Structure formats: structure tokens, C-alpha cells
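Chains as they are written, first to last, in my numbering: chain B, 487 to 603; chain C, 441 to 549. We put the beta carbon where it would ideally sit given N, CA and C, even for glycine. All of these numbers come straight from a predicted model, not from anything done at the bench. Data block below; observations after.
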Amino acid sequence: GAVVSQHPSRVICKSGTSVKIECRSLDFQATTMFWYRQFPKKSLMLMATSNEGSKATYEQGVEKDKFLINHASLTLSTLTVTSAHPEDSSFYICSAPGLRGPYNEQFFGPGTRLTVL
Amino acid sequence: RKEVEQDPGPFNVPEGATVAFNCTYSNSASQSFFWYRQDCRKEPKLLMSVYSSGNEDGRFTAQLNRASQYISLLIRDSKLSDSATYLCVVVLNTDKLIFGTGTRLQVFP
């Protein structure tokens with residue numbers, strides 16, 4: 487089946503630094519990708535929709551200047567957490583929809599665990 | 441009110457038991473429905489889609505009641521490997537997935 491990769495899988499950084507997370511669709515093209523955040527024992531919360539060739543669409547309450555999204559190609563979307571703080575520590579997961587139409591399986595990346603010290 | 445609500449559990453059941461999870465959603469315009477499974481510190485994986493007519497996949501049966509905005513998942517003959525968090529997922533008129541908080545299942549020997 488379709489595969490989505492994420493890099494890095496785990497990152498630990500100091501407060502105030504910026505962290506870039508990559509999401510790649512390995513064997514299919516994705517004009518749309520989604521970024522989620524998951525806190526411990528909580529559900530996945532959609533942060534934004536990444537659109538190839540255009541601006542990302544952010545969910546209410548998500549700061550677009552803090553979470554920069556770039557969808558530069560049909561197989562790559564990046565999420566940059568700028569000036570990270572300890573409260574940004576979380577599990578970040580990306581997904582891309584399958585090829586069979588709008589309401590089908592989403593393929594998830596393995597996630598990136600961010601720890602901000 | 442949350443868009444998708446689930447009982448967080450945990451449900452602790454012995455091997456071989458039958459267990460049922462429920463989920464309610466608030467947006468009547470929801471188009472598609474799924475159950476995903478998430479293991480600890482892993483990404484969610486699709487378990488099954490949910491249709492109004494009900495559908496079954498081996499030991500798993502899913503039901504959708506649009507009138508009541510209610511989704512269910514039944515697991516028969518539970519296995520140790522079924523231990524995970526089960527996420528109810530609703531899709532609106534785009535590809536955006538709305539996740540429930542998940543129901544944790546622990547199957548013990």
C-alpha cells in the first residue's frame with residue numbers, strides 16, 4: 487500500500503530553536519497533506535491542511551506564524567515549528583489521502599516526537 | 441460539545457470476550473466514517489470503514505446509525521493483540537479527518 491515517511495522520528499531541542507519536520511509520500515503524489523498534533527493520552531488534532539503550490543489552511547487556534555507549512559512538491563510537505571517552547575512538545579503526524587477518491591483511506595506517517603527542553 | 445465523542449475507557453477484557461465501543465458525532469453533514477487503531481507511540485492505522493448497512497471484517501463488526509449520529513465497533517473473540525486504542529473518525533465534505541479521543545482496550549490472558 488501507499489507509504490508516507492516522516493523525518494526525523496524524534497527530536498530534542500532547546501527552547502527558542504526552530505525545528506523542521508518533513509513528510510514525504512514515497513510511492514504516490516499528494517497534492518494535499520494534513521498535519522496533526524497529539525498530546526499524551528489525547529486524540530489527534532488537525533493543525534492544518536498543506537496544499538501543493540498554495541498556502542496552507544490552518545485550523546482555528548493554530549498560529550500560522552509559529553507552525554510554518556510548505557508544500558513545495560507533490561511528494562513533500564514540511565512543518566517548521568518556529569521558536570519552539572516546552573508547550574510545543576508533542577507527537578506530530580502527517581497524512582496524505584489515498585488515490586481512490588475524496589473519502590478514502592488516509593496514509594499516516596510514523597510521526598515525529600518533539601521534545602523541547 | 442466535541443465533534444466526535446468516545447468513552448476513553450480503558451476497557452479491560454479477558455481473551456475471548458466480546459467488547460463493543462460506541463462513538464457519537466455532532467455534525468450531521470459528516471460524509472464518511474472509519475475506525476482506526478493506534479498502538480502506543482505509533483501512527484493510526486485504518487481498521488475498517490463504516491457503512492450504514494453495517495459491515496463485518498472477520499471478528500470486527502461496525503455499524504452506523506445516521507439518524508442517531510452514532511457509530512459502533514464490536515470485537516468478538518478478543519485477542520491479546522487487539523490491545524490498542526481505537527479511534528472513531530469522521531470525515532466531512534473534504535479529506536479532513538476528525539478524530540475522537542479514542543477508546544483504550546486492554547485484553548488480558
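Status (buried if at least 16 other CB within 10 Å, exposed otherwise) for residue i
| i | result |
| --- | --- |
| B:Gln546 | exposed |
| C:Arg481 | exposed |
| B:Val489 | exposed |
| B:His571 | exposed |
| C:Arg477 | buried |
Inter-residue Cα distance where the pair is residue i and residue j
| i | j | result |
| --- | --- | --- |
| B:Gln515 | C:Arg499 | 34 Å |
| C:Thr458 | C:Val490 | 19 Å |
| B:Gly595 | B:Ser511 | 9 Å |
| C:Glu455 | C:Asp479 | 18 Å |
| B:Ala534 | B:Ile579 | 11 Å |
| C:Ile538 | B:Asp551 | 23 Å |
| C:Asn467 | C:Ser521 | 33 Å |
| B:Leu562 | B:Ser495 | 16 Å |
| C:Thr587 | C:Ser512 | Nothing in the structure corresponds to residue 587 of chain C, since chain C is present only between 441 and 549. |
Opening and closing residue of the beta strand (DSSP E) in which residue i lies
| i | result |
| --- | --- |
| C:Lys519 | First-last for C:Lys519: undefined, no H or E at that position. |
| C:Gln505 | The sequence as given places Asn at residue 505 of chain C; Gln does not occur at that position. Start and end: Phe500 to Asn505. |
| B:Ser536 | Leu530 to Asn537 |
| B:Ser581 | Ser576 to Pro583 |
| C:Phe548 | Thr543 to Phe548 |
Original post:
Which residues, in order along the stretch 543 to 573 of chain B, keep a beta-carbon less than 7 Å from a beta-carbon of chain C?
Top reply: none
**OP:** Taking a Cβ distance cut-off of 9 Å, strictly less, list which residues of the stretch 479 to 503 of chain C are near chain B, in chain order.
**Re:** Arg481, Lys482, Glu483, Pro484, Lys485, Leu486 and Ser489
Subject >> Chain-ordered residues of the stretch 493 to 520 of chain B with a beta carbon less than 8 Å from chain C >> reply: Thr518 and Phe520
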